[in-house]
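Input: a single structure, listed below in structure tokens.
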Amino acid sequence: MGPAQIIIIILQTALMVAIAPLLTGIIRKLKALMQSRKGPGVLQPYYDLYKLFCKESVVSMNASWVFQLTPYVCMAAVLVAALMVPAISTTSLNFVGDLIVVVYMLAMMRFFMALAALDTGSAFGGMGSSREMTLSAIAEPTILMAIFTMALIAHTTSLGDISYQLSVHGLDLVRPALFLAFAALFIATLAENARVPVDNPATHLELTMIHEGMILEYSGKQLGLMELSSMTKLMLFLTILASVFVPWGIATEISALSLSIGLALLIVKVLIMAAVIAYIESSMAKLRLFRVPSLLTLSFMMALIAVMSFYIL
Amino acid sequence: MIELGNNIINGLAVVIFLTTFIIVAHTRLYPWVSTYAIQSLALGLLATAVAYFTDSFHIYIVAALAIIIKSVIIPRFLRYTMDRIRVDKEVEMLVNVPASLLISGGLAILSYYITEPIIVQGNVITKNCLAISIAVVLIGFFIMITRRKAITQIMGLMVMENGLFLAAIATSYGMPLIVEIGIFFDILVGVLIMGVFAFQINRTFETVDTGILRRLRD
Amino acid sequence: MIIEALLAIPMIAAILVYLIKHRRAIELISTMGMAMVLAACAYLAWHVFSRGPVTGSFWYLDGLGAYVLLIIAFIGTAATIYSIGYLGREYEHHEIDLGRIRYYYLFFHVFIFTMLLVCVSSNLGIMWIAIEATTLASAFLVGFYNKDTSVEAAWKYIIICSVGITLALLGTILIYASSVNSLGESPDALSWPTLTEHAKNLDPTLLRIAFILVIIGYGTKVGFAPMHTWLPDAHSEAPTPISGLLSGVLLNVAMYGILRYHIILTDAIGPGYSGSLLILFGLLSLAAAAVFILLQKDYKRLLAYSSIEHMGIIAIGFGIGGPFGIFGALLHILNHAITKSLMFFGAGNILLKFKTKSINDVKGIATLMPLTAAFFMGGGLAITGSPPFGIFISELLILIAGFAEGNYPISIIYLLFLVIIFAGFMYHISRMAFGEPPADATKEEPNYIGLSVMAVLLMVALALGLYIPHMLSGILANIVKIFGGS
Amino acid sequence: MNTEEALFITLVLVSAIGATGALVLRKSKYCAHISFGMAAIAAAIGIALAGSVLAGGALNLDLPAQLEIGGLSLTMSFTMDGLSAFFVMAISVVGFAISIYSVSYVREYEGRYSIGLLGAVFNLFLLSMILVVTAGNAIIFLIVWEVMSLLSYLLVVYENRRNESVSAGFLYIVMTHIGTAFITLGFLVIFTATASFDFSTFQGAGALMTPMSKSLAFLLFLIGFGTKAGIMPMHVWLPYAHPAAPSNVSALMSGVMVKTAIFMLIKCVFEFLGVADTWWGLLVLLAASISAVLGVLYALNEIDMKRLLAYSTVENVGIILIGLGVSMIFMSYGLKGLAALALIATLFHTFNHALFKALLFMGAGAVTHAAHTKNIEKMGGLIKRMPWTGALFFIGALSIAAIPPLNGFVSEWLIFQSLLLSFNVPEMAVKILLPMTIGMLALTGALAAACFVRAYGITFLAAPRSEHAAEAKEVPGTMLAGMATLALLCVLAGVLSVYIIPAIDKITAPVVGISVASKMSFGIIMKPADDSFSSMSPLAIAAILAILLPLIFVITRYYGGRKNMVYGDTWDCGTPLTSRNEYTGTAYSKSINMIFSAIYRPSKELVARPTASPYIRKDMSYADHTEPIFEKYLYSPVASLAIKVARQLSFIQTGSIQAYLAYIFITLVVLLVVFRWI
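Protein chains in written order, with this note's numbering: chain A, 1 to 313; chain B, 314 to 531; chain C, 532 to 1017; chain D, 1018 to 1695.
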């Protein structure tokens, strides 16, 4: 692994962080359009973040160092995860960790967030943290099963290699399993990133909040970090879907051309998925909390069928 | 000669057998004791007969002991005990007389059934008595089970002992002398001690009905 | 000669303790007496194990007899010493007077005498007399307290055992008959050595019937189910040291009686027949013990039932046979004697303290009497066959024997019952040992002399669990040869 | 006498001295120092011993024969190979930390119970565990095994005036005794083939046995050792016994005692019987998955701190056995490399669980010590009052929740890898079954995270929920030292795992028959014995985090200008916020409770005392219970059946002497008649 790769890895990670707010903005904008509203500009999230970073943070008396530490840990965790994910090129920090490590870095993020939510002693925080942990618990099997499918298809679990294998061997690796796994992971993505129908990112109605409930007590710089990290997380997931499950067009060697193609295609894929998310969010209502499990069980079954179909077909 | 011997012995054995049934049939205590005494006497005579026909000296001693202890001392002691603790003279039975008699008969048949293989190959003149003796043992046992008074239980035990004695004579002209003496001594002491406990039971519970001895149970 | 001396000692002691009217002197004499008995037994045992069986006109003492003899003497000594503390306490609390103490020690020694007699007699008839005598002697000790329950227990004890014994006599008579048929009439036609010698010539049919009668007869005294019914009553009503003696020793003596016939039959027709009868009664006893241990309310009865269990185990051991089975059973006799007397002594201390035999009324021994609790718990674990105590080894050996001889179902049933009994036993004794003690109770050990005895016994039980001296295993190996079935 | 033997004997002597010393000096105020000091020394010797064996030494100590009969000689022999050395290491390391911790922990019992007794039994317990993993002969093993159980039983009932600990102890001793019965049968089955009880002759005994008896022995071992390890459904004793004991003992029991069962399972299956059949592994997998999922689910629902940890032990044993089961499956197909990988993962997780579970139990001890309750609902806010305990417990929670780069994560990653590699299995049916296990394991991991967020959040964070919690004090230094040791080890074992794997590989190589270290650790990178499959480097992760965290901190601090923190109340919707508004532990697990209600079978009762108005209640009380399935549907029926049968039969002892005589009479007649027939 030479300096070039290192630079690329850092660049694409930075890129993910950089366009994460844009992605959120785009989704919001698309939603607004679909609901025939004007909606804020796509750059609005950047303004919000900047504003937050300029504000002082108010911290609860009850809060301890866990609360203080959490934003930084969340950001760091999501960044570490991003380093392992191929975005525009298949080069990524493979040796540091594979897909499972990515999942566990996100688990780390969740772990701290849930604790921080409890730390202030507000009931909303507790509620949010409880629900978050519950839903992630039932989303986890889906994600790992999807990973297993990829491991079966590409005989590896390190993201870079998967996307390399797929994009090199092209269609002869394509199986029904791939799409089932994709679908399963997409549902899991919605759950993991607090999107409708599992959670409503826009709501601040106490009893329905999940993710918002957890970060309710944050303010100022810390809130900014939390927001940024969760935006990056969404970006991360979409990138994984884009460049691991349907990696075609991703740069397999380092040349300006292929890299730019990779970048362009990545943005296209992500935009498509953003559109889908926006469509879902404006066409569906949020599910009742205890209806969510059935949705996630469905996704798990998809993943399981993916595995079986791989073996049987 | 042997013929005569056999007849006498068998006759006495039958007497013992019958007395056992009489004991089963009786419903009053004193006749029990006297019947038991008669039975023991018959036993002694049988022993004497055996002694005479096999002219082995030590059986005479055994016979004498039997007559003295079993048909004199023990009956006297039992009467004495009954007088002392003034039990009512009824025999309280769990199984009524006819049933008891039938069962005893059954036991007799059973004992023939059991001893049959031994009898066919036995070679002593008294072998036929073996079945009777086992029958007497079993019936004595049966009496102990179905008669409730402490005294009657002792009596039952004594009847069993007589059966044993008969068996000993029948199968092998009695045990070695020393053993016989020891056994008689044991029986005597045993009866005395049981009598003592009968007293104690009477003192503690104002009755000798062993049916009420049911404090200890699980 | 030495045998006569051995038999004389307890009789003399009995007479002396009855004549003397001073408590300390009585205790001294009876301790001395038992010590001498122990010494004499030790000498005899040494003689037997080094030079072979001792024989006399009426006496015959081989390894098996000497082994049981030693156990009698050892436990007997322990029981006397324990009695000093136990009766002493009751005497100080004016529950019994000097007269009762004399009466107690008188029958104690007579009882010992009768048991010794069983082991040394060569003649099966005399052995029968001696065993009957043990009943008569101990009946008085069972009825010692003259309460209604103790009288009832004594009556059941004497009646049921006499009946059983009577059947055993019938068995003896049949054996005699068969031996007379083959050997002709002779005084030693009933002597055991002769019978084993000529076992082959004896009439099998008679032997078989005889063994049925004997195992039922002596089995009544051993406490085989379903003839065991008298045992819990007698053992729980007797004064506790005597309970220890009855459970720890008397049962083994009766078992010794059966074993002699078992050996004769083994020599005559092989171990199969008598062995399977032993196993049958052993399993029955285990079952009965399990049932009554599970829902027991009286801790002395609990221990009594556990004695039934262990007699069953021993019977199974001998029944299965083979080197492991017999070795294990012999070892188990010793282990059980030690552990069970230890348990009863512990129960005695508890009884002195709480004045009740009901398990539900005893709580928090660990708090009130730490030492007694420790020994009682230790004994409890030992008696239920937990390592590192001796009983574990002997029970395991019997299990191994089961597998080695291929009696898988029996072994598994055996193990099952052991586990059930363990559960029941632990349930009861842990409830007794732990928990909040009654508010009014004071923290004090009632019987220190007893504790010293218990300490010794527990040590022995522990030692036997960890290491079996070569001397002992050698002795047992010799005894196993007696069962050879040549 | 070589070094190992010398060390072994000194270890035994030191423990003995510690035990006796504790009893002799039970009145002295240095009793705790001496007894637990000796225990620590013994543990240190244990570490040295294990170390020297792992370094290539060996222990073969033959004491004189305990008993010799009929060609069978039971020798008191103690032997150590790599495997047992590994477990001795785990026991000693954990034992060492706990001993240090105990010195001041046991003060809690001063005046109430005898410290001397605790010290003595503690020493012996530690020794007994080491003897269990070094026993060289089945009989000796059974002895020390039961002794270990009895000693732990004594420790469970240490607070012997509390009825619940007595009944917990009873349940424990009975279950473990049943287990021992099964183990004994298992050994006897092997014995029938080998005619000896030496483990040396047991080696490869499977070759001498019929498949039937092999499978039988395996089942017996699985049930027997499973009982001790706490596999469902034999786990019932564990959640009662472990919490009942003093916390330092709970740490020992949960941390290492259950591992002795894992050790024997590996020994019996791999070394004695040899994995004969695939269904063995599948059976283990099944039991393991159930234990893992149900274990963590029950842990999630628990409000008793220590019982929560006990259930999580059931869960982790499940995870360990998942590894073992997979390894067995690979073994049965002769995929030795993968079997080695799975076994390494198993052992590594065993070791890690020993570390963090002991750490957590010590933390629980500290917390209960300070807050005078085991009920997490009555704690809260402790992180401010006991900062050190808070921090150390946090590390424990992170490791058990498998947060990278800590040790729990690494071992779970390895187990995942061996599961993912299961597509190498030739048999289709098995191939399709294994993914289910992946799902189970993933679920378990996530729920475990939830469980410990809950445990830590409710206990340490937010505002105190009771007076005791409010005036809790930090615990003394030695307790912290004990915990810190293990916390440090947790971090190191995670970050440096790459260098630990080869060491474990040295142990598994002889067991499985192949060494995969060269395929697993490359510099700072770890690979699952399959070069191209995947790779992971905890060290790198740690490094990157170490770089990023300060970086992010600095950036946020200066980007948009420096701003200082303002402290205020938590937002309270306008009504003053008290600890009663906080989210309770019960509430926290409620949603999971409802989702998995099929397993919890919850029952709730709501009692409201009405006033005149139907809308206003004087007060309301709410209680909800979950149903202990196994107790209700498996154990209590059996127990009550036994009692019922006994009741039915107990009429035998009627007390009527006539009846008694009749029994004898009937027996006699029956036997005589039967005799006459045959």
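Glycine included, C-beta positions come from ideal geometry on N, C-alpha and C.
**OP:** Measure from the alpha carbon of C/L733 to the alpha carbon of each residue in C/N891, C/N712 and C/Y749, then state which is nearest.
**Re:** Checked all of C/N891, C/N712 and C/Y749; the closest Cα to C/L733 is C/N712.
**OP:** For A/R131, count neighbouring C-beta atoms within 10 Å of its own C-beta (all shown protein chains included) and say buried if the count is 16 or more, exposed if not.
**Re:** buried
Subject >> 8 angstroms Cβ cut-off: residues of chain D touching C/F953 >> reply: V1191 and H1194
**OP:** Determine the burial state of D/H1366: buried for a count of at least 16 other Cβ atoms within 10 Å of its Cβ, exposed for fewer.
**Re:** buried
**OP:** Consult DSSP for B/F497 and reduce its assignment to one of helix, strand or coil.
**Re:** helix
**OP:** Would you kindly check if the distance between the Cβ of C/L575 and the Cβ of C/L597 is under 9 angstroms?
**Re:** This sequence places Ala at residue 597 of chain C; Leu is not what is there. Taking 9 angstroms as the Cβ cut-off, C/A597 and C/L575 qualify as a contacting pair.
Original post:
Would C/I1010 count as contacting chain D if we go by Cβ distances under 9 angstroms?
Top reply: no
**OP:** Run down chain D in chain order and give the residues with a C-beta less than 7 angstroms from the C-beta of B/I427.
**Re:** L1689 and R1693
Original post:
Roughly how many angstroms lie between the CA atoms of A/M214 and D/T1587, to the nearest whole one?
Top reply: Distance between the alpha carbons of A/M214 and D/T1587: 13 angstroms.
Subject >> For C/W590, the three-state DSSP class (helix, strand or coil) >> reply: strand
Subject >> Interface residues of the region 348-363 of chain B facing chain D [CB-CB below 9 angstroms] >> reply: none
Original post:
By Cβ distance, which residues of its chain are closer than 7 angstroms to C/I789, with the 5 residues on each side in sequence left out?
Top reply: V745, I746, Y749, G750 and V753
Subject >> Per-residue contacts from B/M457 into chain D (C-beta, under 7 angstroms) >> reply: Here the neighbours are L1678.
**OP:** Would you mind telling me which residues of chain D sit closer than 7 angstroms to C/V822, beta carbon to beta carbon, in chain order?
**Re:** A1663, L1666 and S1667
**OP:** Compare the C-alpha of A/L190 against each of A/M231, A/D172 and A/S167 and name the closest.
**Re:** A/M231
**OP:** Could you tell me if A/A303 is buried or exposed, where buried requires 16 or more neighbouring beta carbons within 10 angstroms of its beta carbon?
**Re:** Result: buried.
**OP:** At 4 residues or longer, and completely inside the region 1344-1426 of chain D: list those alpha helix (DSSP H) runs for me, N to C.
**Re:** As for any alpha helix (DSSP H) of minimum length 4 sitting wholly inside the region 1344-1426 of chain D, the runs are 1353-1388, 1399-1402 and 1404-1417, ordered along the chain.
Subject >> Against chain C: residues of the region 405-431 of chain B by CB proximity under 9 angstroms >> reply: I427, T428, P430 and I431
Original post:
For the beta strand (DSSP E) that D/T1096 lies in, which residues bound it at each end?
Top reply: L1089 to M1097
Subject >> Listed by chain order, chain A residues near D/I1558 by CB distance under 9 angstroms >> reply: Neighbours of D/I1558 on chain A, chain order: V80, V96, G97, V101 and M105.
**OP:** Could you check if D/I1564 is buried or exposed, using at least 16 other CB atoms within 10 Å of its CB as the buried criterion?
**Re:** Burial call: exposed.
Subject >> Neighbourhood of C/A670 by C-beta, 7 angstroms cutoff - its chain only, sequence neighbours within 5 removed >> reply: A685, Y688 and I689
Subject >> Alpha carbon of C/G583 to alpha carbon of C/D593, nearest angstrom >> reply: 7 angstroms
Subject >> Through-space distance from A/A32 to A/S309, alpha-carbon basis >> reply: Using only the alpha carbons, I get a separation of about 39 angstroms.
Subject >> Ordered list of alpha helix (DSSP H) runs contained in the region 766-831 of chain C, each at least 4 residues >> reply: 771-776, 782-800 and 803-825
Original post:
Applying a beta-carbon distance threshold of less than 7 angstroms, which residues of chain B neighbour D/I1660?
Top reply: Correct list: empty, because the minimum Cβ distance to chain B is about 14 angstroms.
**OP:** Give the DSSP bridge partners of D/D1321, in chain order.
**Re:** D/N1392
Original post:
DSSP state of D/Y1632, grouped into three classes?
Top reply: coil
Subject >> Any chain C beta carbon closer than 9 angstroms to D/V1313 >> reply: No Cβ of chain C is located within less than 9 angstroms of the beta carbon of D/V1313.
**OP:** Output yes if chain B places a C-beta closer than 9 angstroms to the C-beta of C/N732; else output no.
**Re:** For C/N732, no CB of chain B lies under 9 angstroms from its own CB, so it is not counted at the interface with that chain.
**OP:** Note down the Cα distance separating A/L178 from D/A1371, rounded to an integer number of angstroms.
**Re:** 40 angstroms
Original post:
Around the C-beta of D/G1530, are 16 or more other C-beta atoms found within 10 angstroms, so that it is buried, or is it exposed?
Top reply: exposed
**OP:** Could you tell me which chain D residues have their CB closer than 7 angstroms to the CB of A/R131, listed as they occur along the chain?
**Re:** S1608
Original post:
Which of the three DSSP states, helix, strand or coil, is assigned to D/G1585?
Top reply: strand
Original post:
In whole angstroms, what is the alpha-carbon distance linking C/P772 and C/V682?
Top reply: Taking the straight line joining both Cα atoms gives about 18 angstroms.
Original post:
For the alpha helix (DSSP H) that contains D/E1622, what are its first and last residues?
Top reply: Note, D/E1622: premise wrong, no alpha helix (DSSP H); beta strand (DSSP E) at S1620 to P1627.
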